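Trainee: Position 98 of the sequence shown, counted from 1, bears residue number 596 in my numbering, the numbering being contiguous throughout. Backbone N, C-alpha and C define an ideal beta-carbon position, used for all residues, glycine too. Only a predicted model underlies this, so the values are computations on that prediction, with no experimental measurement involved.
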Amino acid sequence: MGIEDPNDAFWLAQVYYHTGHYARARGLLMNRYLLEISVACRYLAALCLFKLSKWQEALDLLEEQNPYRQEVLSETVAKNPDGGVKFEASICYLRGVLYTNLNKFDKAKECYKEALVIDAKCYEAFEQLISNNLMTAEEGMKD
499 MGIEDPNDAF WLAQVYYHTG HYARARGLLM NRYLLEISVA CRYLAALCLF KLSKWQEALD
559 LLEEQNPYRQ EVLSETVAKN PDGGVKFEAS ICYLRGVLYT NLNKFDKAKE CYKEALVIDA
619 KCYEAFEQLI SNNLMTAEEG MKD
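#1: What number of angstroms, rounded off, separates the C-alpha of W553 from the C-alpha of L600?
#2: I'd like the list of long-range same chain contacts for A544, defined as Cβ closer than 7 Å, with 5 residues on each side in sequence excluded.
#3: Tell me which residue opens and which closes the alpha helix (DSSP H) that K549 is part of.
#4: Who are the near neighbours of Y515 in its chain, counting only those whose CB is closer than 7 Å to its CB and skipping five residues on each side?
#5: Could you say which of D604, W509 and I501 lies nearest to L627 if we only look at CA atoms?
#6: Run the CB neighbour count on E612, radius 10 Å, all protein chains shown included, and call it buried at 16 or more, exposed below.
#7: Using a Cβ-based criterion (distance less than 7 Å to any ligand heavy atom), does D617 qualify as near the ligand MG?
#8: Going straight from the alpha carbon of L532 to that of A587, what length do you get?
#9: If you count every other CB in all the chains shown that lies within 10 Å of the CB of R530, and 16 or more means buried, which is it?
#10: Compare the beta carbon distance of L550 and Y597 with 8 Å and say whether it is the shorter of the two.
#11: Quick check on DSSP: helix, strand or coil for H516?
Next up, the structure:
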């Protein structure tokens, strides 16, 4: 099935993802066109790869560092209209989880901290820092 509209592909892949059909969602999203023009499709494809335990492949898809890092960190904190966690923070969080699964804890720590800088409401990133002993009490007070 070749869906060219990124929104249609994303929402259909969301249905597959939420019903546990990760390989099917991944198959739909792994289209060069969709991955190049839609960050949301790339993120969802990486989530599917994560669920399929293909951690390095997911990390390769997300890129090892946030390509928008300077833009995001230099912006003033903008309010998220829906009140949820900012998308960029979710990507950084997933990147951190992937690094954790690959036992690259220093890189994971960096990603979790970046997720929190982007959006302090990304509680999962904070929880990972604490539960994986990636942050000392002093760092927690300082940051």
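Mentor: The relevant details are as follows:
#1: Stepping through the sequence shown from its first residue, residue 553 is reached at position 55. Stepping through the sequence shown from its first residue, residue 600 is reached at position 102. Roughly 7 Å between the two C-alpha positions.
#2: Translated into the one-based positions of the sequence shown, residue 544 becomes position 46. Result list for A544: A556, L559, L560 and L592, in chain order.
#3: Taking the sequence shown and counting its residues from 1, the one referred to as residue 549 is at position 51. That run of the alpha helix (DSSP H) goes V537 to K549.
#4: Indexing the sequence shown from 1 puts residue 515 at position 17. Here the set comprises A523, L542, L545 and C546.
#5: Position 129 of the sequence shown holds residue 627. Of the listed residues, the one whose Cα sits closest to L627 is D604.
#6: Within the sequence shown, numbered from 1, the residue matching residue 612 stands at position 114. Looking at its Cβ environment, which holds 16 or more other Cβ atoms inside 10 Å, E612 is buried.
#7: Absence of the ligand MG from the depicted structure is noted, as is the absence of any ligand whatsoever, leaving it without description.
#8: Counting from 1 along the sequence shown, the entry for residue 532 is found at position 34. Counting from 1 along the sequence shown, the entry for residue 587 is found at position 89. Approximately 21 Å between the Cα atoms of the pair.
#9: Residue 530 sits at position 32 when you count from the first residue of the sequence shown. By the 10 Å Cβ count, R530 comes out exposed.
#10: Position 52 of the sequence shown holds residue 550. Position 99 of the sequence shown holds residue 597. The answer is no: Cβ separation not under 8 Å.
#11: Here residue 516 refers to the residue found at position 18 when the sequence shown is read from its first residue. In the structure shown, H516 sits in a helix (DSSP, three-state: H, G or I).
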